[in-house]
Amino acid sequence: HNSSRQLRDLLQEMSSTFPNDPIPQNDLAYLNLLLGDNIAAATQTATRLVKEHPAFLSFRVTLALAFLRNDRFADALQ
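So for the sequence shown, this note's numbering puts the first residue at 26; every next one is plus one.
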């Protein structure tokens, strides 16, 4: 758990350093969702990234996890 939070801190720094790179943004959102932290912000990020990059499977997986964390099970299946 502690190493996950350290990784999240690193991803936060990467997202700030490279604000135009969607990969660390997605990874940060995914890790926050796994940890149950910042769910609303992570959901917003996941929604935006899927809208901007619908072909990225990893972004769609993050959005599905966001839907699960928000008890939107039918949306997660989509």
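Virtual Cβ for every residue (Gly too), placed ideally from N, Cα, C. Nothing here was measured: the structure is a model prediction, and the numbers come from that model.
Which residue wins for smallest C-alpha separation from residue i, given the options the options?
i	options	result
I64	R30, N95, A89 and V86	N95
L32	I48, L53 and F43	L53
P44	L74, R30 and G61	L74
L93	F84, L58 and P47	L58
For residue i, count the other beta carbons within 10 Å of its own beta carbon; 16 or more makes it buried, fewer makes it exposed. Which is it?
i	result
Q103	exposed
S40	buried
Q50	buried
L88	buried
T68	buried
Could you check how far apart the C-beta atoms of residue i and residue j are, in whole angstroms? I think they sit under 8 Å.
i	j	result
A71	A91	5 Å
S29	L56	7 Å
Could you compute how far the alpha carbon of residue i sits from the alpha carbon of residue j?
i	j	result
K76	Q37	21 Å
F84	G61	18 Å
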